[in-house]
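Per our numbering, the very first residue in the sequence shown carries number 2; after that it's consecutive. Below: the structure, in structure tokens.
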Amino acid sequence: MTDFIGRESELEDLKRFLRKKTASLIVVKGRRRIGKSRLIEEFGKNLKMYSFIGLPPTSETTAQEQRDDFCRQLSRTFNTPLLKGEDWSDLFYFLSQQTQKGKIIISLDEISWMGSKDPNFLGKLKSAWDQYFKKNNQLILILCGSVSSWIDENILSSTAFLGRISFTLNLEELTLQECNKFWEKTGARVSPYEKFKILSVTGGVPRYLEEIDPKKNAEFNIQQLCFKKGGLLTTEFEKVFSDLFSKRSKIYKEIINCFIDGPTDIKTVSNRLKVGRSGLISSYLEDLVKANFLSRDYTWRLKTGKPSLLSHFRLSDNYLRFYLKCIEPNMALIEKGGFQEKSLNSLPGWNSMMGLQFQNLVLHNRLLIQKKLHIRPEDIVIDNPYFQRKTETHKGCQIDYMIQTKFNNLFVCEIKFSKNEVGVDVIQEMEEKLSRLIHPRGFSYWPVLIHVNGVSDKVDDSRFFTEIIDFSEVLKS
């Protein structure tokens with residue numbers, strides 16, 4: 002088993018339930034490969050813990066087969082004769098009788114696989130919780146799954162579980178500090194720029210980072226993972242989408258494709274797909290947000306600091322963009338083994354894509370920016386990527402990241418990824434954005450530059466930027 006890295010905050014969130022005097026029902030959700038099962042395993046490693054997992058479904062998997070597989074897991078776990086899997090009520094009752102006393106953790110992993118074929122599954126689980134499980138006041142029952150939309154709809158929004166869920170943990174990507182530990186543990190001396198190139202493909206997804214060779218450069222690792230026949234990330238996309246969306250994976254993929262070149266709104270998505278702007282498209286987009294593949298970034302009214310109704314959706318999962326932009330178009334060549342010698346820089350649109358990927362990493366780790374700017378969380382009114390629509394009276398404007406404080410300060414951040422030093426052109430770009438930005442009287446704005454590979458002396462000497470933040474510092478060994 003690989004070493005467990007990071008997740009200190011999430012572990013502390015879970016450990017506080019060990020100190021409770023009553024039973025706890027906890028939900029853990031997040032995208033495939035994000036480390037949900039591994040986190041639960043780490044949480045329970047020094048405790049009595051029983052884990053059960055749903056059977057990966059096919060189009061022919063039945064509710065009875067799910068129950069039969071659960072019976073086999075019960076039999077192996079408790080060393081008992083095989084039960085008849087005719088009714089979930091009986092199976093939950095049996096499990097409750099094995100866990101009546103003491104500090105015990107039960108994990109039901111991939112809960113949507115386990116229960117989606119049986120309309121009464123969750124009702125029977127709820128009844129078993131009320132009648133049996135919670136009578137052990139030291140028991141923690143964890144419901145875990147990758148299909149966040151199913152969990153939200155059937156558990157978190159269900160009246161059956163109202164008032165019963167003690168805590169919901171939406172597991173997201175590792176922070177950059179945590180990602181850096183994948184290199185630190187070997188003592189490898191790799192430049193921050195090389196690390197950022199890998200993270201621009203993998204994001205902070207633990208399972209992908211486990212596959213890197215820390216002593217090799219980014220080019221080698223990306224070639225092995227993405228452009229070698231049989232590499233983990235050559236086939237991962239289809240597995241992710243078929244697991245989560247099953248028969249509807251095609252439409253979700255078409256929607257994701259609308260965002261590979263940058264954020265956009267629902268109207269543009271509808272136009273590209275040549276469908277009406279319906280509740281169905283909104284529902285699909287919401288599913289992708291819940292799956293942590295898209296982020297919905299609301300702009301806001303500067304005068305009030307309140308979110309607007311206007312929003313852009315942003316592809317926030319770095320692997321998905323890299324797959325659709327770089328792997329899928331070259332799949333035929335990859336299958337023939339003919340892509341391994343190609344330089345990554347030769348890929349069409351490589352530089353612009355890396356800019357979007359770096360922006361995702363910064364936004365996932367925005368707390369680092371706030372600390373660098375010495376902004377206390379309680380002083381922030383709102384922060385996000387910001388956009389201003391074009392009207393008859395003013396021009397449109399797009400800000401990579403902006404922080405509005407209660408002191409009427411606007412920290413306007415430009416995020417730049419470059420293999421070379423950022424040149425003086427960035428000043429003109431920021432001046433243009435600031436000239437377009439309509440801000441209320443009495444507001445001050447402070448331009449901020451975020452980079453990864455240095456800035457030219459002219460940029461430094463100009464003193465134009467209030468703060469120049471070297472984001473690579475967090476990845477220095």
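Every residue, glycine too, gets a C-beta built ideally from N, C-alpha and C. Everything numeric in this text was worked out from a predicted model, so none of it was measured.
Residue i and residue j closer than 8 Å at C-beta
i: residue 202; j: residue 223; result: yes
i: residue 46; j: residue 145; result: no
i: residue 5; j: residue 39; result: yes
i: residue 77; j: residue 92; result: no
i: residue 315; j: residue 334; result: no
i: residue 143; j: residue 105; result: no
i: residue 476; j: residue 196; result: yes
i: residue 101; j: residue 138; result: no
i: residue 319; j: residue 361; result: yes
i: residue 359; j: residue 418; result: yes
i: residue 53; j: residue 108; result: yes
i: residue 183; j: residue 210; result: yes
i: residue 426; j: residue 405; result: no
i: residue 189; j: residue 118; result: no
i: residue 451; j: residue 416; result: yes
i: residue 390; j: residue 354; result: no
i: residue 79; j: residue 99; result: yes
i: residue 414; j: residue 449; result: yes
i: residue 127; j: residue 161; result: yes
i: residue 153; j: residue 291; result: yes
i: residue 274; j: residue 287; result: no
Beta-ladder partner(s) of residue i, from DSSP
i: residue 468; result: 449
i: residue 308; result: 301
i: residue 410; result: 445
i: residue 415; result: 450
i: residue 169; result: 28
i: residue 52; result: 108
i: residue 265; result: 314
i: residue 146; result: 30
i: residue 47; result: In DSSP, residue 47 forms no bridge with anything.
i: residue 192; result: Residue 192 pairs with nothing; no bridge assigned.
Rounded C-alpha distance that separates residue i from residue j
i: residue 163; j: residue 156; result: 9 Å
i: residue 217; j: residue 124; result: 51 Å
i: residue 453; j: residue 88; result: 57 Å
i: residue 21; j: residue 43; result: 19 Å
i: residue 285; j: residue 298; result: 16 Å
i: residue 336; j: residue 233; result: 13 Å
i: residue 306; j: residue 407; result: 9 Å
i: residue 185; j: residue 131; result: 47 Å
i: residue 251; j: residue 289; result: 13 Å
i: residue 327; j: residue 214; result: 21 Å
i: residue 313; j: residue 300; result: 8 Å
i: residue 75; j: residue 16; result: 26 Å
i: residue 249; j: residue 181; result: 36 Å
i: residue 462; j: residue 468; result: 12 Å
i: residue 228; j: residue 346; result: 14 Å
i: residue 356; j: residue 263; result: 10 Å
i: residue 350; j: residue 409; result: 38 Å
i: residue 331; j: residue 420; result: 24 Å
i: residue 348; j: residue 81; result: 57 Å
i: residue 110; j: residue 151; result: 14 Å
i: residue 341; j: residue 433; result: 42 Å
i: residue 158; j: residue 112; result: 15 Å
i: residue 444; j: residue 465; result: 18 Å
For residue j and residue i, believed in contact at Cβ under 8 Å, the rounded distance
i: residue 253; j: residue 246; result: 5 Å
i: residue 35; j: residue 207; result: 7 Å
i: residue 472; j: residue 382; result: About 24 Å separates the two Cβ atoms, so there is no contact after all.
i: residue 176; j: residue 366; result: 6 Å
i: residue 174; j: residue 205; result: 3 Å
i: residue 83; j: residue 95; result: Not quite, the Cβ-Cβ distance comes to about 11 Å (not below 8 Å), so this is no contact.
i: residue 325; j: residue 267; result: At roughly 20 Å, the Cβ-Cβ gap does not stay under 8 Å, so residue 325 and residue 267 are not in contact.
i: residue 279; j: residue 167; result: Actually they are not in contact, since the Cβ atoms of residue 279 and residue 167 sit about 37 Å apart, beyond 8 Å.
Identity of the residue in the options nearest residue i by Cα
i: residue 27; options: 80, 243, 172 and 205; result: 172
i: residue 446; options: 457, 303, 343 and 395; result: 303
i: residue 392; options: 301, 420, 372 and 437; result: 437
i: residue 402; options: 8, 371 and 458; result: 371
i: residue 12; options: 130, 170 and 265; result: 170
i: residue 147; options: 30, 90, 82 and 41; result: 30
i: residue 387; options: 325, 83, 165 and 310; result: 310
i: residue 33; options: 467, 396, 243 and 325; result: 243
i: residue 49; options: 8, 116 and 141; result: 141
i: residue 424; options: 456, 395, 134 and 376; result: 456
i: residue 7; options: 375, 178, 114 and 24; result: 178
i: residue 470; options: 151, 375 and 103; result: 375
i: residue 220; options: 194, 433 and 231; result: 194
i: residue 395; options: 435, 377 and 422; result: 435
Residue i at chain B interface by Cβ criterion, 8 Å
i: residue 435; result: The chain labelled as chain B is not found in the depicted structure, where only one protein chain is given.
Residue i CB to nearest heavy atom of the ligand COA below 7 Å
i: residue 296; result: In the structure shown, the ligand COA is absent, as is every other ligand, since no ligand is present at all.
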